[in-house]
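In short: position in the sequence shown from 1, add 45, done, that's this note's numbering.
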Amino acid sequence: MKLNPYLNFDGKAEEAFLFYQSVFGGELFLQKMKDAPEAERLSEEERNRAMHVSLPIGDGQFLMASDCLPSAGHVLHVGNNNYISLSPDSREEADRIFQGLSAGGDVEMPMEDMFWGDYFGSFKDKFGVCWMINYANKA
């Protein structure tokens with residue numbers, strides 16, 4: 046089983062995923078609403094929204110998203126009810142990902158050795174997405 050987090054944005058999916066691509070690398074897949082059947086019914090702004098975007102983040106897993114469509118009654122409510130938790134293979138990779146993704150965002154807990162034995166940090170990125178980075182220290 047693979048876990049693929051799926052995010053929703055209000056017109057910022059492409060911008061967010063270009064930012065995530067700058068941290069993770071990989072080939073970005075982007076399909077716009079204008080490619081959907083009956084797209085001519087949408088406004089120009091909605092036709093340019095992301096219908097589906099995905100980015101490989103390692104080991105056959107993908108970070109995925111789409112933009113809400115206001116004309117279809119979709120309303121985005123950004124909150125702290127979801128975090129994406131990443132478990133990098135090294136402290137250096139944990140630091141690199143944390144520094145990259147937290148740029149322009151709000152750090153909740155900086156990367157530190159924690160009482161449970163792991164190296165951990167959390168933040169909300171500049172798009173309102175909550176992240177946890179947890180490196181399990183080798184004993």
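Beta carbons: idealized from backbone N, C-alpha and C, even for Gly.
Check: residue i C-beta below 7 Å from any heavy atom of the ligand FAD
i, result
"residue 134", "Among the components of this structure there are no ligands whatsoever, and the ligand FAD is therefore not found."
Between the CA atoms of residue j and residue i - distance to the nearest angstrom
i, j, result
"residue 142", "residue 108", "14 Å"
"residue 64", "residue 165", "22 Å"
"residue 120", "residue 114", "8 Å"
"residue 134", "residue 157", "16 Å"
"residue 74", "residue 112", "14 Å"
"residue 137", "residue 179", "12 Å"
"residue 132", "residue 86", "43 Å"
"residue 79", "residue 126", "31 Å"
"residue 58", "residue 110", "7 Å"
Where residue i falls: helix, strand or coil (DSSP)
i, result
"residue 77", "strand"
"residue 140", "helix"
"residue 115", "helix"
"residue 91", "helix"
"residue 67", "helix"
"residue 58", "helix"
"residue 121", "coil"
"residue 110", "strand"
"residue 153", "strand"
Expected contact under 8 Å - CB spacing of residue i and residue j to nearest Å
i, j, result
"residue 88", "residue 116", "7 Å"
"residue 151", "residue 169", "5 Å"
"residue 54", "residue 172", "7 Å"
"residue 71", "residue 100", "5 Å"
Paired residues, beta bridge with residue i - DSSP
i, result
"residue 176", "129 and 168"
"residue 207", "Lying outside 46 to 184, the shown extent of the chain, residue 207 is not represented and no answer is given."
"residue 25", "The chain is shown only over 46 to 184; residue 25 falls outside these bounds and no answer can be derived."
"residue 103", "106"
Environment of residue i [buried if 16+ CB atoms lie within 10 Å]
i, result
"residue 161", "exposed"
"residue 48", "exposed"
"residue 154", "exposed"
"residue 60", "exposed"
"residue 90", "exposed"
"residue 94", "buried"
"residue 84", "exposed"
"residue 167", "buried"
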